[in-house]
Every structure is written in structure tokens, then in C-alpha cells.
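To start, the structure under review is shown below, and the notes come after it.
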Ligand SMILES: [Zn+2]
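Numbering (our numbering), first residue to last: 73 to 247.
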């Protein structure tokens, strides 16, 4: 197993089987400069980092969230594909028309939006991955604030935003 996956293991616990997951140095990912996932393969834009930065680790956690979606039901992959195609087509059309983007698939509405979400799986796939990535940023101490919203009160206790991130990820089986 890639050492980078071993680093992710404590975060995922039993929620994700890491054994079938592989990294590839992908020309397609290099083309866009962004990692992406097909089933259990993480396509990385270059050599897989041995000592990942926090930013790289956040990307790994995000891509593993897509592996988790795949393991929790194949329909999620089809749904993700449809979401991405719609988003890309709408995005191109709106851009051509000079209009602002219709929606951002990664956007779960910030702390206010998250407080109204009943379960992680009710979100769009990219928003689910964003919540999991932000939960990792919170639990690893990589970030003090996300989207300008604090994760800890001045006294050091978790804010309602931090508690919502934890609530949704725990319900989804993360430790
Ligand atoms: Zn994603």
C-alpha cells in the first residue's frame, strides 16, 4: 500500500477499505492539474507525494471520499458523472452568456447550509466530498477556519459549524 494511504487510515477507520485503492501518475490529471477518481484509482497530476503537504493531504482525503462513495454504492458514481456533466455544460453555457455560474457542486452552503443538512448522503457528491475534506481539515488541525467561519470559539470549544461537520461524518461511519 502507498505510504500516503497509511497516513489516511486513522481518519477513515473502518469506513473505507483502503486495500483496493491505487494511485497512478495520470497524464489526464496533469492536463488539468487536478486529481480525480475512477472507482478505486486515484489519478494524480504527477508523482505521488511520499511526504505530502497538508494541502496535498486534503486533496487525498477528498479523492478518497469519492472512493468511499464508490464503495457505498455504485449508483453514486453514475450520479457524480451526471452532476459533473450537467455542471460543465451549464457552466460553459453560462460563461458564454456572460452570466455567473448557476451553482457550485462543491458548495454545501457554508456553516448555515450545513446546519440544515440531515445526512451526508443527501448532499451532491462533490459537496459530500467537500464536507469530508473539511472535517479532515478540522480534525487534523490543518485549518482554524473554513470559508471564513471559525471552527473553534475563542474559548477553544468547537463551534456549531465544527459540530455539524463531525455529526455528518460520524453518521456516515467515519471515526
Ligand atoms: Zn471531487
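Glycine included, C-beta positions come from ideal geometry on N, C-alpha and C.
Test: residue i CB closer than 9 Å to a CB of chain D
i	result
residue 106	Among the chains in the structure shown there is no chain D, since it carries only a single protein chain.
Pairwise C-alpha distance: residue j and residue i
i	j	result
residue 152	residue 198	8 Å
residue 105	residue 245	31 Å
residue 229	residue 189	22 Å
residue 101	residue 81	24 Å
residue 155	residue 224	33 Å
residue 142	residue 205	16 Å
residue 249	residue 99	The structure shown does not extend to residue 249, since the chain spans only 73 to 247, so no value can be given for it.
residue 134	residue 87	14 Å
residue 126	residue 241	20 Å
residue 175	residue 157	13 Å
residue 144	residue 131	20 Å
residue 163	residue 226	40 Å
residue 129	residue 79	9 Å
Local Cβ density within 10 Å of residue i, reported as buried at 16 or more and exposed below that
i	result
residue 219	exposed
residue 202	buried
Would you check if there are 3 or more beta carbon pairs closer than 8 Å linking the segment 230-242 to the segment 162-175?
no
Please confirm if the segment 209-217 is in contact with the segment 178-193, defined as three or more CB-CB distances below 8 Å between the two stretches.
no
Report the start-end ranges of each alpha helix (DSSP H) in the segment 100-180 that is 4 residues or longer and not cut off at the edges.
126-143 and 147-168
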